[in-house]
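Only one structure is covered here, and it is reproduced in the block below.
So this is what it looks like as structure tokens:
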């Protein structure tokens, strides 16, 4: 964050710039869940503290969201139904 906003004070960062910075953190090496749970969460806390102590006018990160895809859960290759699952399926048939 310091590198991205080095020539702009915290009170002069725009919400669009904050959103662009957060979304730019998502890469192939850094998943969206990491950005949301670490980077965005930390930014919200720091800017929330600054807002509470009247260092800045508003918490720009409060409304920023990072969408996280749900993982598709599949059965491992070659794994069949458990006995309980098979019984349930056959009973319902």
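Numbering (this note's numbering), first residue to last: 1 to 93.
Ideal placement from N, C-alpha and C gives every residue a C-beta, glycine not left out.
Please read these numbers as outputs of a predicted model, since none were measured by experiment.
From the DSSP output, in three-state form, read off residue i for me.
i	result
residue 19	helix
residue 25	coil
residue 35	helix
residue 86	helix
residue 8	coil
residue 42	helix
residue 50	helix
Taking the alpha carbon of residue i as the reference point, which residue from the options has its own alpha carbon closest?
i	options	result
residue 58	46, 85 and 3	46
residue 11	18, 80, 17 and 55	55
residue 14	37, 87 and 60	60
Compute the distance between the beta-carbons of residue i and residue j, then report whether it is under 7 Å.
i	j	result
residue 40	residue 26	no
residue 66	residue 18	no
residue 36	residue 68	yes
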